[in-house]
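Peer 1:
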Amino acid sequence: MLKTLKSMDFFRVFSKEDMREIARFCQEYSQIKEWREDERIIQEAEQDFRVFFLLKGKVVVNKEGKTVAEFSRRGDLFGEMSALDRSARSASVEAGPDCQTLALDITLLGKFLPELFCKFKTEFQKIAVARLRQTTAAVEKRMKELEEINAALKKEIARRERAEKNLAQARSFVSLSLMAASIAHEMRQPLSAADVDLATVLEDLDGEPKQLVKGVKDNIKEALLVIRSMMKMFRGRKKVSAEVDLNEELEEVLHLIARKTKGVEIVRNFDEDVQTWTCANLSRVFVNIVDNALDALKNQGRLKLSTYAGADHLAVEIEDDGLGIAEDILPSIFNPECTTKKSGEGTGLGLWIAKQEMDWVGGKIIAESVEGLFTKFTIIIPRHTSEECGGCHREEEK
Numbered sequence: 002m003l004k005t006l007k008s009m010d011f012f013r014v015f016s017k018e019d020m021r022e023i024a025r026f027c028q029e030y031s032q033i034k035e036w037r038e039d040e041r042i043i044q045e046a047e048q049d050f051r052v053f054f055l056l057k058g059k060v061v062v063n064k065e066g067k068t069v070a071e072f073s074r075r076g077d078l079f080g081e082m083s084a085l086d087r088s089a090r091s092a093s094v095e096a097g098p099d100c101q102t103l104a105l106d107i108t109l110l111g112k113f114l115p116e117l118f119c120k121f122k123t124e125f126q127k128i129a130v131a132r133l134r135q136t137t138a139a140v141e142k143r144m145k146e147l148e149e150i151n152a153a154l155k156k157e158i159a160r161r162e163r164a165e166k167n168l169a170q171a172r173s174f175v176s177l178s179l180m181a182a183s184i185a186h187e188m189r190q191p192l193s194a195a196d197v198d199l200a201t202v203l204e205d206l207d208g209e210p211k212q213l214v215k216g217v218k219d220n221i222k223e224a225l226l227v228i229r230s231m232m233k234m235f236r237g238r239k240k241v242s243a244e245v246d247l248n249e250e251l252e253e254v255l256h257l258i259a260r261k262t263k264g265v266e267i268v269r270n271f272d273e274d275v276q277t278w279t280c281a282n283l284s285r286v287f288v289n290i291v292d293n294a295l296d297a298l299k300n301q302g303r304l305k306l307s308t309y310a311g312a313d314h315l316a317v318e319i320e321d322d323g324l325g326i327a328e329d330i331l332p333s334i335f336n337p338e339c340t341t342k343k344s345g346e347g348t349g350l351g352l353w354i355a356k357q358e359m360d361w362v363g364g365k366i367i368a369e370s371v372e373g374l375f376t377k378f379t380i381i382i383p384r385h386t387s388e389e390c391g392g393c394h395r396e397e398e399k
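According to this note's numbering, the sequence shown is numbered sequentially starting from 2.
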């Protein structure tokens, strides 16, 4: 028995003389028992004054039908607190495979070894405190994990809500685009017919009437140019390639939003060799950025448009000397809903759409700004030949 007791950590705090007394007591009054798997060692709600030491195997502690603890180390103690308090068992304990225990009756221990009983009680309390600390630490760790999971869930919910809102706005944008393209198409037909008819009428006119009709014809041509730009900008997002000239694209954008350029100095710094084949809807990209620049200028100041040709890429710079963008907002300007405009004046989707368009074809948009001085957007466009755009369908000139 003495050898068995010495093999358990619990008894290492006792002196040799104490151990001999405990061994004699255990030889007389303790019970070593082999348990069948799932056999009930302690019954919840029953009163029992025994404490148990695990000699081998394992035990499972269940409370109200749920497993709350397991013990599998030799010398593990269980059942001590309710035995000391002389209260009903707060949990059940069931034997695992190959389970063996040593049971001591607290009542008999207090009767025959009263001094050692106090030491036992102190050690029981130390173990209870240590277990409580472990449980508290485990609970705190789990609480922290749950807080992190909760925070992550909140972020994910917010992200999904933003995504759903952006999707709804994008669908609205697509619907409006299709409607605008449809209206432009319907307007183009009668205006084109009127343009042809006026050309015929002009042949039979002279003097002031001819000049008046010619003025009307010029206005129709201007309207047709705007319609052509609108139809191009709002065409569906299909993987269709077309040869584009960046200078012409920018000029079309300026025609499209000419009403907003009043009072603004337009500076052109155009390279000559700026043609490429691309699947990107560059009109959509340029109009969003130029429109924002003109909003910032408020009918004054300077808008500089530059194009550059490289061996494998083209570049467009759109720079204004308007209000600029705040340093804390600049990193977020390509995020959906990011806008510096007043409520109702902007959706925050313009730059996001522009970036999506360039990402789609492997391009890039770089934003630079100093608040109160300038804002510059650099659009990098991959340069391709018609053969390199072989994966796209070619768009016939309408």
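Ideal Cβ placement from N, Cα and C applies to all residues, glycine included.
Leaving out five residues on either side along the sequence, give the residues of the same chain with a beta carbon under 7 Å from the beta carbon of F72.
Peer 2: As a first step, residue 72 must be located in the sequence shown, where it is residue number 71. The answer, listed in chain order, is L55, K59, V60, F79.
Peer 1: Identify which residue in F375, L247, R269, I228 has its Cα closest to the Cα of A181.
Peer 2: The residue you call residue 181 lines up with position 180 of the sequence shown. Selected option, being the one with the closest Cα: I228.
Peer 1: Return the CA-CA distance between K408 and P332, expressed in angstroms with no decimal places.
Peer 2: A question about residue 408 goes unanswered here, because the residues of the chain that appear run from 2 up to 399.
Peer 1: On the DSSP bridge assignment, give the partners of Y309 in chain order.
Peer 2: For this step, residue 309 is matched to residue 308 along the sequence shown. Per DSSP, A316.
Peer 1: Give the C-beta separation of A281 and I382 to the nearest angstrom, bearing in mind that I take them to be a contact with Cβ-Cβ under 8 Å.
Peer 2: To locate residue 281, count along the sequence shown from 1; it is residue 280. To locate residue 382, count along the sequence shown from 1; it is residue 381. Correct: roughly 7 Å between the Cβ atoms.
Peer 1: Reducing DSSP to helix, strand and coil, say where G345 ends up.
Peer 2: The count along the sequence shown starts at 1 and reaches residue 345 at position 344. The pLDDT assigned to G345 is 48, lower than 50, so where the model puts this residue is not dependable; a value taken from the coordinates is nonetheless given after this. Looking at G345 - three-state DSSP - the assignment turns out to be coil, as it is neither helix nor strand.
Peer 1: Here's the rule I'm using: 16 or more other beta-carbon atoms within 10 Å means buried, otherwise exposed. How should L257 be labelled?
Peer 2: If you number the sequence shown from 1, residue 257 lands on position 256. Counting Cβ neighbours within 10 Å, L257 comes out buried, since at least 16 surround it.
Peer 1: With a floor of 4 residues, list each alpha helix (DSSP H) that falls wholly inside the stretch 72-130, ordered by position along the chain.
Peer 2: 81-86, 107-113
Peer 1: Could you tell me whether the stretch 42-51 touches the stretch 90-101, where touching means 3 or more Cβ pairs closer than 8 Å?
Peer 2: Touching, yes.
Peer 1: Give the DSSP-derived three-state secondary structure of I258 in the structure shown.
Peer 2: Your numbering for residue 258 matches position 257 in the sequence shown. I258 falls in the coil class under three-state DSSP.
Peer 1: Just mark K17 as buried or exposed, buried being the case when its beta carbon has 16 or more other beta carbons within 10 Å.
Peer 2: Taking the sequence shown and counting its residues from 1, the one referred to as residue 17 is at position 16. Per the 10 Å Cβ criterion, exposed.
Peer 1: On the criterion of 16 or more Cβ atoms from any shown chain inside 10 Å, does L110 qualify as buried, or is it exposed?
Peer 2: Here residue 110 refers to the residue found at position 109 of the sequence shown. L110 should be labelled buried.
Peer 1: In the DSSP output, which residue or residues are listed as bridge partners for L55?
Peer 2: Translated into positions along the sequence shown, residue 55 becomes position 54. Paired residue(s): T102.
Peer 1: Taking Q32 as part of the alpha helix (DSSP H), name the residues at either end of that continuous run.
Peer 2: Counted from its first residue, the sequence shown places residue 32 at position 31. It is not in any alpha helix (DSSP H) - Q32 instead sits in the beta strand (DSSP E) that spans 32-36.
Peer 1: Are the stretch 358-371 and the stretch 316-333 touching, with three or more C-beta to C-beta distances below 8 Å?
Peer 2: yes
Peer 1: Within the same chain, show all residues whose beta-carbon is closer than 7 Å to that of R13, passing over the 5 residues directly before and after it, in chain order.
Peer 2: As a position in the sequence shown, residue 13 is number 12, starting the count at 1. Counting only Cβ-Cβ distances below 7 Å, and skipping sequence neighbours, we find nothing.
Peer 1: As a quick exercise: from S242, A259, F271, L255, pick the residue whose alpha carbon is nearest that of N248.
Peer 2: Within the sequence shown, the letter at position 247 stands for residue 248. It is F271 whose Cα lies nearest to the Cα of N248.
Peer 1: Just to check my reading of the structure: N300 and G351 have Cβ atoms closer than 8 Å, yes? What is that Cβ distance to the nearest angstrom?
Peer 2: Against the sequence shown, residue 300 aligns to sequence position 299. Against the sequence shown, residue 351 aligns to sequence position 350. Contact between N300 and G351 does not hold, since the beta-carbon distance rounds to 19 Å and is not under 8 Å.
Peer 1: Need the endpoints of the alpha helix (DSSP H) that K4 sits in, please.
Peer 2: Residue mapping note: residue 4 aligns to position 3 of the sequence shown, counting from 1. From DSSP, the alpha helix (DSSP H) with K4 extends over 3-7.
Peer 1: Return the residue from the list V245, L147, F50, L103 that minimises the CA-CA distance to Q28.
Peer 2: Locating residue 28 in the sequence shown gives position 27, where the first residue counts as 1. That would be L103, whose Cα lies nearest to the Cα of Q28.
Peer 1: List the endpoints of the continuous beta strand (DSSP E) containing Q276.
Peer 2: Numbered from its first residue, the sequence shown carries residue 276 at position 275. Segment 276-279, the beta strand (DSSP E) holding Q276.
Peer 1: Go to N289, then tell me how far its beta strand (DSSP E) extends in each direction, as first and last residue.
Peer 2: Reading the sequence shown from its first residue, position 288 is the one you call residue 289. DSSP places N289 in no beta strand (DSSP E) but in the uninterrupted alpha helix (DSSP H) bounded by 283-298.
Peer 1: Express the C-alpha separation of R172 and I156 in angstroms, rounding to a whole number.
Peer 2: Within the sequence shown, residue 156 is the residue found at index 155, counting from 1. Within the sequence shown, residue 172 is the residue found at index 171, counting from 1. A small fix is needed here, since residue 156 is Lys in this sequence, not Ile. Roughly 24 Å separates the two Cα atoms.
Peer 1: Return the CA-CA distance between H314 and Q190, expressed in angstroms with no decimal places.
Peer 2: Position 313 of the sequence shown holds residue 314. Position 189 of the sequence shown holds residue 190. For H314 and Q190, the gap between their C-alpha atoms comes out near 37 Å.
Peer 1: What three-state label does DSSP hand E47 in the structure shown?
Peer 2: The residue labelled residue 47 in the question sits at position 46 within the sequence shown. Correct three-state label for E47: coil.
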